[in-house]
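Residue numbers (the numbering used here), protein chains in the order written: chain A, 166 to 264; chain B, 202 to 487. Presented below is the structure to which this report refers.
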Amino acid sequence: MTDQLLIAARTAWVEREGTVYAAPLPDGPPFVLAGAGAAIWLSLVEGGTLQEVAQRVADDVGSPAEVVTADVATFVAGLAVAGLVVRRAVPAVPASSHD
Amino acid sequence: MTEVVDVPLPVRVELAHAAVQALADEAGVDVLHIKGPAVHRGLRTHAQSGTDVDVIVRPSGVDALMALLAEHDWRIETTFDAGSAFDHAANLFHESWGMLDVHRHYPGMDRDPAHAFERLWSSRGSVELGHVPCAVPEPLAQSLVLLLHSARTPHLGADHPDLAPNWTDRTPQDRERIRALAADTGATVALAAATGHLDEYQGDPEAAVWEVFVRGGDRLDEWSARFRAARGPRAKASVAWRSLRVNRYYLGLKLGHTPTRAEVAAESARRVAAGVKAVAGRLPWR
Numbered sequence: 166m167t168d169q170l171l172i173a174a175r176t177a178w179v180e181r182e183g184t185v186y187a188a189p190l191p192d193g194p195p196f197v198l199a200g201a202g203a204a205i206w207l208s209l210v211e212g213g214t215l216q217e218v219a220q221r222v223a224d225d226v227g228s229p230a231e232v233v234t235a236d237v238a239t240f241v242a243g244l245a246v247a248g249l250v251v252r253r254a255v256p257a258v259p260a261s262s263h264d
Numbered sequence: 202m203t204e205v206v207d208v209p210l211p212v213r214v215e216l217a218h219a220a221v222q223a224l225a226d227e228a229g230v231d232v233l234h235i236k237g238p239a240v241h242r243g244l245r246t247h248a249q250s251g252t253d254v255d256v257i258v259r260p261s262g263v264d265a266l267m268a269l270l271a272e273h274d275w276r277i278e279t280t281f282d283a284g285s286a287f288d289h290a291a292n293l294f295h296e297s298w299g300m301l302d303v304h305r306h307y308p309g310m311d312r313d314p315a316h317a318f319e320r321l322w323s324s325r326g327s328v329e330l331g332h333v334p335c336a337v338p339e340p341l342a343q344s345l346v347l348l349l350h351s352a353r354t355p356h357l358g359a360d361h362p363d364l365a366p367n368w369t370d371r372t373p374q375d376r377e378r379i380r381a382l383a384a385d386t387g388a389t390v391a392l393a394a395a396t397g398h399l400d401e402y403q404g405d406p407e408a409a410v411w412e413v414f415v416r417g418g419d420r421l422d423e424w425s426a427r428f429r430a431a432r433g434p435r436a437k438a439s440v441a442w443r444s445l446r447v448n449r450y451y452l453g454l455k456l457g458h459t460p461t462r463a464e465v466a467a468e469s470a471r472r473v474a475a476g477v478k479a480v481a482g483r484l485p486w487r
């Protein structure tokens with residue numbers, strides 16, 4: 166099994182001038198995600214594993230994935246506590262299935 | 202990640218639309234989002250992002266939505282019958298989202314609110330607000346809603362800024378379709394008020410109500426017109442009673458604190474006295 170990260174279904178968010186404002190619905194409150202926080206959020210939009218999200222962030226900020234992964238993991242954990250992100254366990258795809 | 206204390210107002214309003222939609226979904230109640238970011242871009246004027254959320258609720262679902270809003274810490278600031286002379290909207294406030302106007306009907310379309318809502322709902326579109334799908338009236342119906350609103354908020358010395366994109370600049374075919382929609386929702390007279398054709402309805406009791414907004418008048422004029430327009434003794438009695446009621450919310454704003462019973466009673470007496478004085482001032486023998 167592998168953990169897929171997804172923006173929670175009951176979440177509203179708006180991006181303005183590089184800053185993301187995200188809120189759990191229906192009660193809020195809104196959170197502001199600026200700078201790297203916004204980059205991580207926008208990398209989460211299409212979902213994926215932590216490694217995939219970290220790779221997108223790394224590509225976005227121009228750093229190696231191994232440098233940003235720990236920070237991305239910590240930030241994503243905070244988003245999960247706030248109810249903005251959920252983890253969904255899905256069966257790992259066997260390498261042979263790509264053949 | 203920082204909990205926001207300074208979310209820009211347009212962003213907060215857009216997120217608030219999404220929050221209200223989430224509760225409407227939970228309650229199973231149909232709502233149409235109007236004004237502010239719900240309005241089609243081409244129909245907006247100036248920096249019309251709005252300062253609050255406005256929704257029209259299917260009348261049969263109003264009680265259920267209001268109950269769920271209360272459960273989720275939306276505080277009622279003014280009740281439906283304590284706001285305008287139209288009795289159309291309740292104003293609510295939420296610490297996270299700000300202000301919300303829940304319309305149980307829309308001024309001008311208030312003769313048969315259930316039919317008017319169904320007419321708007323049947324041709325609705327959808328717009329994503331805060332990445333949440335929200336139902337909105339189709340663009341022509343949005344124009345009608347904005348025009349009816351403009352009729353209640355006259356711009357002295359100039360046309361209301363909503364008039365050009367929603368009426369003057371529209372094609373003759375569009376204007377005809379808006380007229381047809383107004384006829385179907387009971388808003389013909391109100392639309393005439395918005396577009397400068399109220400004279401065509403002289404003598405119509407409903408026109409008298411809109412005359413107050415278009416030509417100007419005080420609260421006594423407004424209530425008098427509402428009284429004349431009300432259909433039947435019960436409706437007239439209701440208007441007369443409500444004209445004398447004290448709006449606790451506005452009185453609280455004036456006083457700077459929640460009014461006491463004594464202060465409400467004093468304000469009530471003042472309103473009656475002011476009403477008598479205003480009426481007396483208009484008697485022909487004075």
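A virtual CB, placed ideally from N, CA and C, is assigned to each residue, including glycine. In this text the structure is predicted, and so the values were computed from the model without any measurement.
- Ranked by Cα distance from Arg175/A, the first of Ser351/B, Pro209/B, Ala217/B is Ala217/B.
- Contact annotation, Ala247/A with Thr234/A: C-beta distance approximately 20 Å; criterion of less than 8 Å not satisfied.
- The C-alpha of His332/B is placed about 29 Å away from the C-alpha of Met166/A.
- Secondary structure of Gly183/A (DSSP, three-state): coil.
- Arg213/B places its beta carbon less than 7 Å from that of Gly299/B.
- Within the segment 170 to 182 of chain A, contact with chain B at the beta-carbon level (separation under 9 Å) is assigned to Ile172, Arg175, Thr176, Ala177, Trp178, Val179, Arg181.
- If you draw a 10 Å sphere on the C-beta of His304/B, you find 16 or more other C-beta atoms in it, and that means buried.
- Between Trp368/B and Leu382/B, the gap from beta carbon to beta carbon reaches 7 Å or more.
- Cα atoms of Ala342/B and Gly237/B: separation of roughly 15 Å, rounded to the nearest angstrom.
- By the rule that beta-carbons nearer than 7 Å mark a contact, Ser327/B does not touch chain A.
- Among the residues of chain A, those whose CB is under 8 Å from the CB of Val208/B are Tyr186, Pro195, Val197, following chain order.
- The beta carbons of Ser344/B and Leu244/B sit closer together than 7 Å.
- The beta carbon of Val226/A sits closer than 8 Å to the beta carbons of Ala201, Ala204, Val233 from its chain, once the five residues preceding and following it are set aside; these are given in chain order.
- The alpha carbon of Ala395/B has as its nearest neighbour, out of Thr372/B, Arg378/B, Val346/B, the alpha carbon of Val346/B.
- The C-beta of Glu231/A has fewer than 16 other C-beta atoms within 10 Å across all chains shown, which makes the residue exposed.
- For Asp225/A, no chain B residue has a C-beta closer than 7 Å to its own C-beta; the minimum C-beta separation is roughly 18 Å.
- No Cβ of chain B is located within less than 7 Å of the beta carbon of Pro189/A.
- Here Ala220/B carries a helix assignment [DSSP, helix/strand/coil].
- Residue state for Phe196/A is assigned as strand, using DSSP reduced to three classes.
- In the displayed model, Gly387/B falls within coil according to three-state DSSP, outside both helix and strand.
- Nearest C-alpha to Ala173/A among Arg181/A, Pro189/A, Gly183/A: Pro189/A.
- By the C-beta criterion, the segment 223 to 235 of chain B is judged not to be in contact with the segment 309 to 316 of chain B, since fewer than 3 inter-stretch pairs fall below 8 Å.
- When rounded, the separation of the alpha-carbon atoms in Ser208/A and Asp224/A is 10 Å.
- Scanning the segment 258 to 341 of chain B for uninterrupted beta strand (DSSP E) segments of 3 residues or longer gives 276 to 279, 290 to 295, 299 to 304, 326 to 330, 333 to 337, listed from N- to C-terminal end.
- At a cut-off of 7 Å, the C-beta of Asp236/A has no neighbouring C-beta in chain B.
- The distance from the Cβ of Val240/B to that of Val197/A is about 26 Å, inconsistent with a contact at the 8 Å cut-off.
- When Cβ-Cβ separations below 7 Å define contact, Ala265/B makes no contact with chain A.
- Trp322/B and His350/B have their alpha carbons spaced roughly 19 Å apart.
- In this structure, Phe281/B places its C-beta atom within 7 Å of the C-beta atom of Asp288/B.
- Against chain A, the CB of Ala223/B has a partner CB under 7 Å away; the residue lies at that interface.
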